[in-house]
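> Using this note's numbering, you'd call the opening residue of the sequence shown number 10 and step up by one each time.
Beta carbons: idealized from backbone N, C-alpha and C, even for Gly.
Remember, it's a predicted structure, so these values are computed and weren't measured experimentally.
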Amino acid sequence: MAATVFLVSPEVIILGGGVMQQAQLFPLVREKTKQLIAGYLETDELADMDRYIVPASCGGDQGILGCFVLAQEALPAS
């Protein structure tokens with residue numbers, strides 16, 4: 010996770026999938042990420058880890074919804 014933060018510097022990290030349906034993992038992931046970053050990078054996003062690393066909000070349908078958006082974008086404009 011820390012490597013992603015250093016390399017890409019995303020505005021938010023959204024974690025989904027079966028394992029991440031365990032809400033108790035989010036505080037652990039946030040804390041470990043903060044430890045690994047170890048103050049090497051300071052951004053507004055990293056100041057609030059609860060808003061930086063978040064669960065997926067599409068009810069587990071993010072994969073199919075993403076496919077739908079890609080299919081829509083591939084259709085010629087009418």
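Can you tell me whether residue 62 is buried or exposed? The criterion is at least 16 other CB atoms within 10 Å of its CB, across all chains shown.
Buried, since its Cβ has 16 or more Cβ neighbours within 10 Å.
> Can you grab the Cα-Cα spacing for the pair residue 33 / residue 24, in whole Å?
Computed Cα separation, rounded: 13 Å.
> Under DSSP, the beta strand (DSSP E) around residue 64 begins and ends at which residues?
62-64 is the span of the beta strand (DSSP E), which, as asked, contains residue 64.
> Buried or exposed: where does residue 78 fall if 16 or more other Cβ atoms within 10 Å of its Cβ makes it buried?
Exposed is the call here.
> Which of the three DSSP states is assigned to residue 50 in this structure?
It is coil, neither helix nor strand.
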